[in-house]
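See structure below.
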Amino acid sequence: MEAPYAIEMLHITKRFPGIIANDDITLQLKKGEIHALLGENGAGKSTLMSVLFGLYQAEEGVIKKDGKEVQIRNPNDANDLGIGMVHQHFKLVECFSVLDNIILGIEPTKNGFLQKKEAREKVMALSEKYGLAVNPDALIEDITVGMQQRTEILKMLYRDNEILIFDEPTAVLTPQEIEELMQIMRNLAAEGKSILFISHKLAEIMAVADRCSVLRKGKYIGTVETKNTTMEQLSAMMVGRNVNFHVEKKPQHLGEVILDVDNISVASKVHKKDAVKNVSFKVRAGEIVCIAGIDGNGQTELVYGLSGLEPLKSGHITLKGQDITNASIRKRSTSGMSHIPEDRHKHGLVLDYPLEYNLILQRYFEPEFTDKAGFLKRGPIRSYADRLIEQYDVRSGQGAVTPARSMSGGNQQKAIIAREIDKDPDLLIAVQPTRGLDVGAIEYIHKQLVAQRDAGKAVLLVSLELDEVMDVPDRILVMYEGEIVGELDPKTTTQEELGLYMAGAKRNEVKA
Amino acid sequence: MKKFLKNDAVQSLIASLLCILMGLLIGYIVLLFINSAGAGNAILDVLKNFMKTSNPERRVRLLGATLVRTAPLLMCGLSVLFAYKVGLFNIGTAGQYVAGVCASLYAALAWGWGWLPCMLFAIVSGAVLGAIVGFLKAYRNVNEVISGIMLNWIALYTSNMILTLQKQEASHYTLKLKENAPQAILPSLGLDKLFNYDKVSIAIPLAILLAVAVYIVLNRTKFGYELRATGNNKNAAKYAGMAEKRNIILTLIISGGLAGIGGAMLYLTDIEQWSVTATSVPGMGFNGIAATFLGGLNPIGTIFSSFFIQHITDGGPNVDTNLYCAQISDLITAIIIYLCGFVLFLKTAMNRAIDRSAERKAQKEKALAAEKGGEK
Ligand SMILES: Nc1ncnc2c1ncn2[C@@H]1O[C@H](COP(=O)(O)OP(=O)(O)OP(=O)(O)O)[C@@H](O)[C@H]1O
Ligand SMILES: [Mg+2]
Numbered sequence: 295m296e297a298p299y300a301i302e303m304l305h306i307t308k309r310f311p312g313i314i315a316n317d318d319i320t321l322q323l324k325k326g327e328i329h330a331l332l333g334e335n336g337a338g339k340s341t342l343m344s345v346l347f348g349l350y351q352a353e354e355g356v357i358k359k360d361g362k363e364v365q366i367r368n369p370n371d372a373n374d375l376g377i378g379m380v381h382q383h384f385k386l387v388e389c390f391s392v393l394d395n396i397i398l399g400i401e402p403t404k405n406g407f408l409q410k411k412e413a414r415e416k417v418m419a420l421s422e423k424y425g426l427a428v429n430p431d432a433l434i435e436d437i438t439v440g441m442q443q444r445t446e447i448l449k450m451l452y453r454d455n456e457i458l459i460f461d462e463p464t465a466v467l468t469p470q471e472i473e474e475l476m477q478i479m480r481n482l483a484a485e486g487k488s489i490l491f492i493s494h495k496l497a498e499i500m501a502v503a504d505r506c507s508v509l510r511k512g513k514y515i516g517t518v519e520t521k522n523t524t525m526e527q528l529s530a531m532m533v534g535r536n537v538n539f540h541v542e543k544k545p546q547h548l549g550e551v552i553l554d555v556d557n558i559s560v561a562s563k564v565h566k567k568d569a570v571k572n573v574s575f576k577v578r579a580g581e582i583v584c585i586a587g588i589d590g591n592g593q594t595e596l597v598y599g600l601s602g603l604e605p606l607k608s609g610h611i612t613l614k615g616q617d618i619t620n621a622s623i624r625k626r627s628t629s630g631m632s633h634i635p636e637d638r639h640k641h642g643l644v645l646d647y648p649l650e651y652n653l654i655l656q657r658y659f660e661p662e663f664t665d666k667a668g669f670l671k672r673g674p675i676r677s678y679a680d681r682l683i684e685q686y687d688v689r690s691g692q693g694a695v696t697p698a699r700s701m702s703g704g705n706q707q708k709a710i711i712a713r714e715i716d717k718d719p720d721l722l723i724a725v726q727p728t729r730g731l732d733v734g735a736i737e738y739i740h741k742q743l744v745a746q747r748d749a750g751k752a753v754l755l756v757s758l759e760l761d762e763v764m765d766v767p768d769r770i771l772v773m774y775e776g777e778i779v780g781e782l783d784p785k786t787t788t789q790e791e792l793g794l795y796m797a798g799a800k801r802n803e804v805k806a
Numbered sequence: 021m022k023k024f025l026k027n028d029a030v031q032s033l034i035a036s037l038l039c040i041l042m043g044l045l046i047g048y049i050v051l052l053f054i055n056s057a058g059a060g061n062a063i064l065d066v067l068k069n070f071m072k073t074s075n076p077e078r079r080v081r082l083l084g085a086t087l088v089r090t091a092p093l094l095m096c097g098l099s100v101l102f103a104y105k106v107g108l109f110n111i112g113t114a115g116q117y118v119a120g121v122c123a124s125l126y127a128a129l130a131w132g133w134g135w136l137p138c139m140l141f142a143i144v145s146g147a148v149l150g151a152i153v154g155f156l157k158a159y160r161n162v163n164e165v166i167s168g169i170m171l172n173w174i175a176l177y178t179s180n181m182i183l184t185l186q187k188q189e190a191s192h193y194t195l196k197l198k199e200n201a202p203q204a205i206l207p208s209l210g211l212d213k214l215f216n217y218d219k220v221s222i223a224i225p226l227a228i229l230l231a232v233a234v235y236i237v238l239n240r241t242k243f244g245y246e247l248r249a250t251g252n253n254k255n256a257a258k259y260a261g262m263a264e265k266r267n268i269i270l271t272l273i274i275s276g277g278l279a280g281i282g283g284a285m286l287y288l289t290d291i292e293q294w295s296v297t298a299t300s301v302p303g304m305g306f307n308g309i310a311a312t313f314l315g316g317l318n319p320i321g322t323i324f325s326s327f328f329i330q331h332i333t334d335g336g337p338n339v340d341t342n343l344y345c346a347q348i349s350d351l352i353t354a355i356i357i358y359l360c361g362f363v364l365f366l367k368t369a370m371n372r373a374i375d376r377s378a379e380r381k382a383q384k385e386k387a388l389a390a391e392k393g394g395e396k
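The listed protein sequences derive, respectively, from chains A and B.
Following our numbering, the numbering of the first sequence begins with 295 at its first residue and continues without gaps.
Following our numbering, the numbering of the second sequence begins with 21 at its first residue and continues without gaps.
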């Protein structure tokens, strides 16, 4: 008789310094099913998947494939068993092409020479078959995250993997891309491939998964059939309480103009045209303005221009009446600008620093943390870090001294948010601040953004998440191909209308 | 025990020791091939260095000689380490060291400067060379390895040219300090008596002090915080508003200064005269790279690794040249030094092994528990 389970992970326990990341967890993946894994930030989802993929060795427990016990000591073993994984933070070689990344490690050779032509044919065939559009010759550093992810998926398929692990694949995608990815996953499952799917978005889980297992603080809570459950039930299983999905806001008290963006353009890194074209808008004290749009329409470059990471080609930026067009990054920061960056690993964190050092990254030079002779004040740094960790519920194995690298993705994000909000800025630029956070944490962050607004600060939110765009801001500016093509009021507009603007099918004149 | 083994410092230490053992083993095998009879003794001779002689007075004297050369090696190691923490590979250390030698000797012999100004001048010269590399890197994005290598040769031949003005008439060596510039010889603070060797000077305690200073600057100051952040993640450093260009240049200035003072520390003892016909950059700067890695990229560790490397280098000539050709000592020490570069690799391998053994233990325990359960 054929075993019903493709993969069984039985009584898995994995400890890290100061924490039991997986505590006696059992997970059974049926053949051809899409199995979702749900849990708060730091619940141990990535760790469990890393055990299955051979990146970590569990201290206890067994793994069975098709009913037979197997040893998975490293990713090569996993690959031999047909297990592939798309990591939460992609593992691609930035300066290699898409094709080179896909065949990396199993390059077809003949007499020692690369046979790229065959590889290219196979990749293109797979790409065609599953609707995974990629440009095989583009360099990873030049393509969108969406295409990077398709590259990762092709990497698994190229290796003929049967068990596919997706660790938070949708966190970085646009709604359209998510829709496509879910269709791809359904196709793969229909072909008999078994899929493990991690997501914090309950709607996605309800839409695509057959079953869902829930973890909480390293422990196994249970497995449910998605057709017999509701989103409320799932979130209650996950956090142990009911989560309020809707953002409560007080009436607005508009103040003076904090940020005045006047006709700015920013050059593009990838093509000759400008990524941001003559954009003008204002953000006032006491309001949350959201830049909405499909990923890659110039939002990233707009924020780089505002924060000083890239120079402007033309135009002016004024912060609180002060011209900061040519000001240094440090000057902007000390003048009252905070910036939650889009890419937490690239900009947001020094991964090899402990958490406490990351929490002072924007303030280490202040007298509170550095004395006159230039020495770091270790006592105050520690107590400051401890306060933020406590206040923002940043979970980690060893508290302030935990290396940032070993923290779960969502908790890394929370650390950045704590740092930037606690700076008490006049203008908070938040780029996808809730990416990768669990529903409880999202609720908390949204409350924080609204609290900033209510305290008379200006908030510029950049989001790809339709729910967030509709729920959090007071005003929506839609960006399309580097221009602001419309201003919408979230109270009166609909998701459909927003979608039309985002797709470039509709535009109205925006008065700056 | 497992916790102890997981400690980073402990791991570095074990990895360093393993590297040394591997180096010795390979050296031994090479010797076996050449002449199996004397291999064991030859390796022991290298390792013994000053311990080989049974005369206690000679022993301390030889130990002193090793220490005299340890000081400059440590400075070169610190020079490499400092730049490495910022993500820069300062291969120019070798040339900056030469600049330090040249500056200190010339100031001493031509201008009659005292030891302290000579030493400061050496620091400045090394720092200037470092600054050139730094400017090229920061403003022209020239790879520091390439510009460093080029500058090594420029420094070597410029120094030869300058020091030709201060050479002995009958040889190609620079003038002895003892007769021509005794004011420039480093004071010994009684260390010469202790080691019964007049070349032992304040350079040694000074080098150790500087190692501690480097440790403090890197780990306890705002400047060090910025440097290490830049080394670990350039983009995050930029995002946090750190002045990247300024930090790159400052780092290489300091790195060059450390190498420069190393040159003064050796030549101002008058232990050696510079050969103005030298056609190769002295190995001191390059050995500094090995010292840094063997020292686990830690300034304090580098103190010990520098001593060890100098120890076996000095032990090399002990090998019996009747059995082996004279170059064999260099080969053996080179093999050992070469393997010093594998410290980081070994550390990773060790971590894996620890995880494995923990896993096996857990499985065994579980099997035992299951058996017991079965008996009941
Ligand atoms: N390599 C590591 N070393 C030490 N601790 C670790 C390591 N990896 C993970 N942890 C800890 O284990 C716990 C679980 O982390 P994991 O990454 O599995 O969480 P997660 O469920 O994937 O969370 P998220 O939704 O935020 O990605 C966290 O507390 C984390 O700090
Ligand atoms: Mg995770």
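From the three backbone atoms N, C-alpha and C, an ideal C-beta is built for every residue, glycine too.
Nothing here was measured: the structure is a model prediction, and the numbers come from that model.
Could you check if Val345 (chain A) is buried or exposed, using at least 16 other CB atoms within 10 Å of its CB as the buried criterion? buried
Any heavy atom of ligand 1 closer than 7 Å to the beta-carbon of Arg626 (chain A)? no
Spatial neighbours of Phe102 (chain B) in its chain, beta-carbon cut-off 7 Å, leaving aside the 5 residues before and after: Val234, Thr271, Ile274, Ser275 and Leu278
Looking at Leu721 (chain A): is its Cβ nearer than 8 Å to the Cβ of Met631 (chain A)? yes
Considering only heavy atoms of ligand 1, does any lie closer than 7 Å to the CB of Arg810 (chain A)? No information on residue 810 (chain A) is available, as it lies outside the stretch 295 to 806 that chain A covers here.
Is the beta carbon of Ala694 (chain A) less than 8 Å from the beta carbon of Ile711 (chain A)? no
Delimiting residues of the beta strand (DSSP E) encompassing Phe310 (chain A): Tyr299 to Phe310
Using a Cβ-Cβ distance cut-off of 8 Å, determine whether Thr594 (chain A) contacts chain B. no
With a threshold of 8 Å between beta carbons, is Ser700 (chain A) in contact with chain B? no
Which class does Glu790 (chain A) belong to by DSSP, given the choice of helix, strand or coil? helix
Using a Cβ-Cβ cut-off of 8 Å, state whether Asp646 (chain A) counts as contacting chain B. yes
Cβ-heavy atom distance between Gln330 (chain B) and ligand 1 below 7 Å? no
DSSP state of Thr271 (chain B), grouped into three classes? helix
Check whether the Cβ of Ser340 (chain A) lies closer than 7 Å to any heavy atom of ligand 2, and answer yes or no. yes
If you run the structure through DSSP and keep just helix, strand and coil, what is Val30 (chain B)? helix
With a cut-off of 8 Å on the beta carbons, I'd call Phe243 (chain B) and Gly549 (chain A) a contact; round off their distance for me. Not quite, the Cβ-Cβ distance comes to about 39 Å (not below 8 Å), so this is no contact.
Closest to Val417 (chain A) by CA distance: which of A:Pro402, A:Thr438 and A:Leu448 is it? A:Leu448
Out of A:Val772, A:Lys404, A:Asp646 and A:Gly602, which has the shortest C-alpha to C-alpha gap to Thr628 (chain A)? A:Gly602
Using only the alpha-carbon positions, how far apart do Arg414 (chain A) and Ala432 (chain A) sit? 13 Å
Asn216 (chain B): beta carbon under 7 Å from a heavy atom of ligand 3? The model on display carries ligand 1 and ligand 2 but not ligand 3.
Over the uninterrupted alpha helix (DSSP H) stretch that includes Ala337 (chain A), give me the two end residues. Segment: none, Ala337 (chain A) is in no alpha helix (DSSP H) and carries neither H nor E.
Can you list, in chain order, the residues of the stretch 561-576 of chain A whose Cβ is nearer than 7 Å to any Cβ on chain B? none
Evaluate the contact criterion for the stretch 350-366 of chain A versus the stretch 520-536 of chain A: three or more CB pairs, one atom per stretch, below 8 Å. no
With DSSP as the reference, identify every bridge partner of Val756 (chain A), one or two as the case may be. A:Ile585 and A:Val725
For the stretch 687-698 of chain A, list every residue whose C-beta sits within 8 Å of some C-beta in chain B, in sequence order. none
Tell me the DSSP secondary structure of Glu395 (chain B) in three-state form. In this predicted model, Glu395 (chain B) has a pLDDT of only 47, less than 50, meaning its place in the structure is not dependable; the value taken from the coordinates is given anyway. If DSSP states are grouped into helix, strand and coil, Glu395 (chain B) belongs with the helices.
Kindly list, in the order they appear in chain B, the residues whose Cβ is closer than 7 Å to that of Tyr658 (chain A). Lys242 and Tyr245
For Val232 (chain B), three-class secondary structure by DSSP: helix
Proximal residues of chain B, C-beta to C-beta of Phe669 (chain A) below 8 Å: Arg240, Thr241 and Lys242
Of all the CB atoms in chain A, is at least one closer than 8 Å to the CB of Gly261 (chain B)? yes
Closest to Ile739 (chain A) by CA distance: which of A:Pro727, A:Met764, A:Arg747 and A:Gly750 is it? A:Pro727
Same chain, Cβ closer than 8 Å to Lys187 (chain B), neighbours up to 5 away in sequence not counted: Tyr193, Thr194, Leu195 and Val296
Sequence ranges, beta strand (DSSP E) only - wholly within the stretch 625-704 of chain A, length at least 3: 631-634
Taking a Cβ distance cut-off of 9 Å, strictly less, list which residues of the stretch 343-367 of chain B are near chain A, in chain order. none
Is there contact between the stretch 324-340 of chain B and the stretch 241-255 of chain B, where contact requires at least three CB pairs shorter than 8 Å? no
Ile49 (chain B): buried (16+ other C-beta within 10 angstroms of its C-beta) or exposed? exposed
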